[in-house]
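Enquirer:
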Amino acid sequence: MTAPTPVAIFEELRFVWELMAAEYLFLLPFARRKSQWLRRTLAGVVLFSVLSQFYFPWQGFCQGVLPVPMADLFTGLWYVPLALATMLYSRVCFQITACDALYIGISGYAAQHLVYVTVHELLALDWYPQLTACLPLYALVSLAACGLLYGLLYRVMARPLSLCGGELNQDTTAHILHYVLLLAVLIFCTLSCQHLFHFDPAIRILSAQLGFLICAMILGIQYLSCRNILAQREQAVIHQMLRDGERHYTHSKELIEMVNRSVHDLKHTCQALRTMDEGERLAFVSELEQNVAMYRRLVHADNEAVNTILVEKTLSCEKEGIRLACSLGHLELDFLSLPDLYTLLGNAIDNAVEGVRNLPDPEKRVVQLSIQTSGGFVSIQTNNYYAGELTLENGLPRTTKRDPAGHGYGLKSIRYLARKYGGSMSVSARDGVFVLQIMLPVQS
Amino acid sequence: MRIALVDDNPQDAQVLQEYLDRFSREVGLEWSYAYYSDGQAFLDGDTCQFDLIVMDVDMPGINGIETARLLRQRDPDVLLMFVTNMPQYALAGYAVDALDYLIKPVAYGDFTLKLQKTLRYLRRDRTEWITLHTTGGMVRLEPREILYVESTLHYLTYHTWSGEYRVRGAMAEAERTLQGYSFARCSRSYLVNLRHVRAIEGEDVVVETVRLKMTRSRREEFLERFTRFLGGMEP
Chain A
1 MTAPTPVAIF EELRFVWELM AAEYLFLLPF ARRKSQWLRR TLAGVVLFSV
51 LSQFYFPWQG FCQGVLPVPM ADLFTGLWYV PLALATMLYS RVCFQITACD
101 ALYIGISGYA AQHLVYVTVH ELLALDWYPQ LTACLPLYAL VSLAACGLLY
151 GLLYRVMARP LSLCGGELNQ DTTAHILHYV LLLAVLIFCT LSCQHLFHFD
201 PAIRILSAQL GFLICAMILG IQYLSCRNIL AQREQAVIHQ MLRDGERHYT
251 HSKELIEMVN RSVHDLKHTC QALRTMDEGE RLAFVSELEQ NVAMYRRLVH
301 ADNEAVNTIL VEKTLSCEKE GIRLACSLGH LELDFLSLPD LYTLLGNAID
351 NAVEGVRNLP DPEKRVVQLS IQTSGGFVSI QTNNYYAGEL TLENGLPRTT
401 KRDPAGHGYG LKSIRYLARK YGGSMSVSAR DGVFVLQIML PVQS
Chain B
1 MRIALVDDNP QDAQVLQEYL DRFSREVGLE WSYAYYSDGQ AFLDGDTCQF
51 DLIVMDVDMP GINGIETARL LRQRDPDVLL MFVTNMPQYA LAGYAVDALD
101 YLIKPVAYGD FTLKLQKTLR YLRRDRTEWI TLHTTGGMVR LEPREILYVE
151 STLHYLTYHT WSGEYRVRGA MAEAERTLQG YSFARCSRSY LVNLRHVRAI
201 EGEDVVVETV RLKMTRSRRE EFLERFTRFL GGMEP
């Protein structure tokens, strides 16, 4: 077996370098980096550079052992496991789901193939074959093409990817199947086009065009898929807020009806007071004073909006036999818009109520809400008992309901709103107690 | 766990004691408690021995808030919970750094939920001594005294209330030493004691009087760690 030429060595190296660079152009704005990711990346580059050279023994083996048509096919198949290995390696450096690793892999492979078709097929083999004779120039041209194309792709894709919050798709069977199939189609088509290119010089332009178009189409699909998912998420949050608004209206209506009835009763009370004797009157007034005291206990925050929400929630909880206990300190919530404040508090309370609703022990059917401002932060905390298993996934409880798409958005909207105001939220479920903590920096 | 019950009404305190007994049977926790019928008697005793003070707000003589204010002068850290009839009066309780308040009549479920909250914060605030091998010799201190740790080249600088200590080493070692004591990285060179975070202003975190920058890549995790600290949750 003759030693490979420098150009041949370069051809193998540039494949892994171009592929990894393409994957990273998508990974960097998108994925959460693990600790020491840079070192791991560099180790990966070294690893795959070394692995790429094993092409030559493999080629030698195939050419020597297999009959001619099969030999070429099997030699070409070398790149498939190598590419898959780089996609797998992204999981070592970044915290991403398997589906997203495939998504990035597909996008990276398609991007790299575009460079391959333009520089290494059309340019190097067809239009300007003398290029390969001068290695430094060849390397420079490859670098320039990568820089140009990847730069363009980055400008288009970086922003939507960065808005995904580190995750595009969860690892469900359907999603994995979808991406595996897409990857298989991509690899099959590109390998076929490559094969056609080498097979018959007459149809070179055609096969290059085909390869190019397939990759461009796949990249387009990936881009649209990302935008779609982002749009869906935003819609879901808006949906949740609309539902909250609807409930607000219903409760307000009920409250107004309650007030109407009280006014009506007041009329009869006045009539009764006129006809009572002194003793009865005093007893009646004491009873009224007690009711007033009870009402005052409900409405005691120094913030109108908070009072409204809390009174409403307290009354609706009472209907279900649940106690809502509020500990309120100094409130500085004016920087929150009214709908956002309502959604935040409403969802926090609803989530806790959900947890205690079906508890058998009446003493445990209590939800504690505490809001206080300490220094530069507003701290909102709910505490409630819960029953059964509660596993946390990505910082939120995994929904046990059968329709995961429609639920769990209460806590997700809280997280979205907390982040919107520059704060954060976190939950913990331990010793049968569920705690939700929201932290918002006070804005002047 | 040692609890002080300060209430001018012995029956109310009796109810709480019964709840505590019941809860300790259910959960298997040991408490000891002392009862004081007025604020002055409590202040005259040994207040340092207690982990939690449950104080009635409305008492003749010195009321609960005033007692708490005087208590805070000598013990800024002990956990404080108020009991009151009217929630409006408890508002002032937050000014003396109260953990929470209870409204009379106190229900068992309410009380135990707040007790568990207390236990969480006690666990979070537990204190131990650590030793630093500084360039000026060995130094023993409590993690709560450290405001933040700065890493430069081969040295770590521990910024504390009582001065700065230089220790040879890298940030990874500081993280290991201070693991479990509510510290978090806001950037590559700064490890911040979450207890001393006073404000978050845009990209900056204010640690007592020092303003440090949060890098974009660490901001989200830092804020989440801080939120968990605020909630008394496990880091």
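So the protein lines, in turn, are chains A and B. Residue 1 is where the first sequence starts when you use the working numbering, and the numbers rise one by one after that. Residue 1 is where the second sequence starts when you use the working numbering, and the numbers rise one by one after that. Using N, Cα and C, we set each Cβ at its ideal position, and we do this for glycine too.
1. Tell me, to the nearest whole angstrom, how far the beta carbon of residue 132 of chain A is from that of residue 46 of chain A; I am working on the premise that it is less than 8 Å.
2. Find the residues of chain A that neighbour residue 233 of chain B, judging by a C-beta separation of less than 9 Å, and give them in chain order.
3. Alpha carbon to alpha carbon, what distance is there between residue 34 of chain B and residue 6 of chain B?
4. Counting only beta-carbon separations shorter than 9 Å, does residue 277 of chain A have a partner in chain B?
5. Buried or exposed for residue 262 of chain A, please, with buried defined as at least 16 other CB atoms from any protein chain shown within 10 angstroms of its CB.
6. Against residue 201 of chain B, what residues of chain A qualify as contacts under a CB-to-CB distance less than 8 Å, listed in chain order?
7. Using CA atoms only, rank isn't needed, just tell me which of A:435, A:127 and A:15 is closest to residue 78 of chain A.
8. If you measure beta-carbon to beta-carbon, which residues of the segment 304-334 of chain A are closer than 9 Å to chain B?
9. I want to verify the contact list: residues of chain B whose CB lies under 7 Å from the CB of residue 289 of chain A, in sequence order.
10. Residue 213 of chain B bridges to which residues according to DSSP?
11. Taking 9 Å as the cut-off, decide whether the C-beta atoms of residue 211 of chain A and residue 96 of chain A are in contact.
12. Suppose you measure from the CA of residue 354 of chain A to the CA of residue 365 of chain A; what does that come to, to the nearest Å?
13. Which chain A residues sit within Cβ distance under 8 Å of residue 217 of chain B?
14. To which residues of the same chain is residue 66 of chain B closer than 8 Å at the C-beta, ignoring the five residues directly before and after it?
15. Could you give the uninterrupted runs of the alpha helix (DSSP H) lying entirely in the segment 6-49 of chain A, keeping only those of 4 residues or more?
16. Please return the same chain residues whose Cβ sits closer than 8 Å to the Cβ of residue 137 of chain A, not counting the five positions on each side in sequence.
17. By the 10 Å Cβ neighbour count, where 16 or more other Cβ atoms means buried, how is residue 239 of chain A classified, buried or exposed?
18. What in chain A is Cβ-close to residue 226 of chain B, meaning under 8 Å?
19. Measure the C-alpha to C-alpha separation of residue 402 of chain A and residue 241 of chain A and round it to an integer number of angstroms.
20. Quick one: using the 10 Å Cβ neighbour count with 16 as the cut-off for buried, is residue 318 of chain A buried or exposed?
21. Contact criterion: CB-CB distance below 9 Å. Does residue 395 of chain A meet it with respect to chain B?
22. Which residues in the same chain have their Cβ closer than 8 Å to the Cβ of residue 406 of chain A, if we skip the five residues on either side of it in sequence?
23. Can you name the residues of chain B whose CB is closer than 8 Å to the CB of residue 366 of chain A?
24. Are the beta-carbon atoms belonging to residue 425 of chain A and residue 227 of chain B less than 9 Å from one another?
25. Tell me whether residue 402 of chain A sits in a helix, a strand or coil according to DSSP, three-state version.
26. Does residue 362 of chain A come within less than 9 Å of chain B when only Cβ atoms are used?
27. So residue 358 of chain A packs on residue 410 of chain A, CB below 8 Å; how close in whole Å?
28. Starting from residue 30 of chain B, follow the alpha helix (DSSP H) in both directions and report where the run begins and ends.
29. Can you tell me which of the three DSSP states residue 90 of chain A falls into?
30. Between residue 219 of chain B and the rest of its own chain, which residues show a CB-CB distance below 6 Å, the 5 nearest in sequence each way excluded?
31. Starting from residue 56 of chain B, follow its DSSP beta bridges and name the residues at the other end.
32. Could you tell me which chain B residues have their CB closer than 8 Å to the CB of residue 385 of chain A, listed as they occur along the chain?
33. Could you tell me the alpha carbon to alpha carbon distance between residue 148 of chain A and residue 198 of chain A, rounded to whole angstroms?
34. For a test of the three-state rule: what should DSSP assign to residue 380 of chain A, helix, strand or coil?
35. Compute the distance between the beta-carbons of residue 323 of chain A and residue 170 of chain B, then report whether it is under 9 Å.
36. Taking residue 447 of chain A as the reference, give the member of A:439, A:391, A:285 and A:390 with the closest Cα.
Expert: Considering the structure as presented:
1. The count along the first sequence starts at 1 and reaches residue 132 of chain A at position 132. The count along the first sequence starts at 1 and reaches residue 46 of chain A at position 46. In this structure residue 132 of chain A is not in contact with residue 46 of chain A, their Cβ atoms being roughly 25 Å apart against a cut-off of 8 Å.
2. Position 233 of the second sequence holds residue 233 of chain B. Per Cβ cutoff of 9 Å: 426, 427, 428, 430, 435 and 437.
3. Mapped onto the second sequence, residue 6 of chain B falls at position 6. Mapped onto the second sequence, residue 34 of chain B falls at position 34. Computed Cα separation, rounded: 8 Å.
4. Here the question's residue 277 of chain A lines up with position 277 in the first sequence. Chain B, which has no Cβ nearer than 9 Å to the Cβ of residue 277 of chain A, makes this no.
5. Looking up residue 262 of chain A in the first sequence gives position 262. Counting Cβ neighbours within 10 Å, residue 262 of chain A comes out exposed, since fewer than 16 surround it.
6. Counting from 1 along the second sequence, the entry for residue 201 of chain B is found at position 201. Ordered by position in chain A, the residues that pass the 8 Å Cβ test against residue 201 of chain B are 376 and 441.
7. Within the first sequence, numbered from 1, the residue matching residue 78 of chain A stands at position 78. The shortest Cα separation from residue 78 of chain A among A:435, A:127 and A:15 belongs to A:15.
8. 323, 325, 326, 327, 328, 329 and 330
9. To locate residue 289 of chain A, count along the first sequence from 1; it is residue 289. By Cβ distance, chain B contributes nothing, its closest Cβ being about 14 Å from residue 289 of chain A, past 7 Å.
10. Against the second sequence, residue 213 of chain B aligns to sequence position 213. Paired residue(s): B:204.
11. Taking the first sequence and counting its residues from 1, the one referred to as residue 211 of chain A is at position 211. Taking the first sequence and counting its residues from 1, the one referred to as residue 96 of chain A is at position 96. Contact: no.
12. Translated into positions along the first sequence, residue 354 of chain A becomes position 354. Translated into positions along the first sequence, residue 365 of chain A becomes position 365. Their backbone Cα atoms lie some 10 Å apart in a straight line.
13. The residue labelled residue 217 of chain B in the question sits at position 217 within the second sequence. In chain order: 33.
14. As a first step, residue 66 of chain B is located in the second sequence; it is residue number 66 there, counting from the start. 39.
15. 6-30
16. Here residue 137 of chain A is taken as the residue at index 137 of the first sequence, counted from 1. Hits under 8 Å: 131.
17. By one-based count along the first sequence, residue 239 of chain A stands at place 239. When all chains shown are included, residue 239 of chain A counts as exposed.
18. For the purposes of this step, residue 226 of chain B is taken as residue 226 along the second sequence, with counting starting at 1. Chain A residues near residue 226 of chain B: 424 and 439.
19. Taking the first residue of the first sequence as 1, we reach residue 402 of chain A at position 402. Taking the first residue of the first sequence as 1, we reach residue 241 of chain A at position 241. Caution applies to residue 402 of chain A, whose pLDDT of 45 falls short of 50 and renders its modelled position unreliable; the value that the coordinates give is listed next. One C-alpha to the other measures close to 22 Å.
20. Reading the first sequence from its first residue, position 318 is the one you call residue 318 of chain A. Classification for residue 318 of chain A: exposed.
21. As a working note, residue 395 of chain A is residue 395 in the first sequence. With 9 Å as the cut-off, residue 395 of chain A counts as an interface residue toward chain B.
22. Your numbering for residue 406 of chain A matches position 406 in the first sequence. Low local confidence applies: a pLDDT of 40 at residue 406 of chain A is under 50, so the model's placement there is unreliable, and no value is given.
23. Walking along the first sequence from the start, residue 366 of chain A turns up at place 366. Within 8 Å Cβ-Cβ: 107, 109, 110 and 113.
24. Along the first sequence, read from residue 1 onward, the residue named residue 425 of chain A stands at position 425. Along the second sequence, read from residue 1 onward, the residue named residue 227 of chain B stands at position 227. In this structure, residue 227 of chain B lies closer than 9 Å to residue 425 of chain A by Cβ.
25. What you label residue 402 of chain A is simply residue 402 of the first sequence in a count that begins at 1. Unreliable placement is indicated for residue 402 of chain A, whose pLDDT of 45 sits below 50; the coordinate value is still reported in the next sentence. If DSSP states are grouped into helix, strand and coil, residue 402 of chain A belongs with coil.
26. Locating residue 362 of chain A in the first sequence gives position 362, where the first residue counts as 1. For residue 362 of chain A, the answer is yes, since a Cβ of chain B falls inside 9 Å of its Cβ.
27. For the purposes of this step, residue 358 of chain A is taken as residue 358 along the first sequence, with counting starting at 1. For the purposes of this step, residue 410 of chain A is taken as residue 410 along the first sequence, with counting starting at 1. Contact doesn't hold; Cβ gap of about 17 Å is too wide.
28. Here residue 30 of chain B refers to the residue found at position 30 when the second sequence is read from its first residue. First-last for residue 30 of chain B: undefined, no H or E at that position.
29. What you label residue 90 of chain A is simply residue 90 of the first sequence in a count that begins at 1. DSSP, read as helix, strand or coil, puts residue 90 of chain A in helix.
30. Looking up residue 219 of chain B in the second sequence gives position 219. Excluding residues within five positions, none has a Cβ falling inside 6 Å.
31. One-based indexing of the second sequence puts residue 56 of chain B at position 56. When DSSP reads this structure, residue 56 of chain B sits in a beta bridge with B:83.
32. On the first sequence, position 385 is the one that residue 385 of chain A refers to. Neighbours of residue 385 of chain A on chain B, chain order: 109 and 113.
33. As a first step, residue 148 of chain A is located in the first sequence; it is residue number 148 there, counting from the start. As a first step, residue 198 of chain A is located in the first sequence; it is residue number 198 there, counting from the start. Cα-Cα distance, rounded: 26 Å.
34. By one-based count along the first sequence, residue 380 of chain A stands at place 380. Residue state, collapsed to three classes: strand.
35. Position 323 of the first sequence, counting from 1, holds the residue named residue 323 of chain A. Position 170 of the second sequence, counting from 1, holds the residue named residue 170 of chain B. For residue 323 of chain A and residue 170 of chain B, no; Cβs fall outside 9 Å.
36. This structure does not reach residue 447 of chain A, given that chain A is present from 1 up to 444, and the question cannot be answered.
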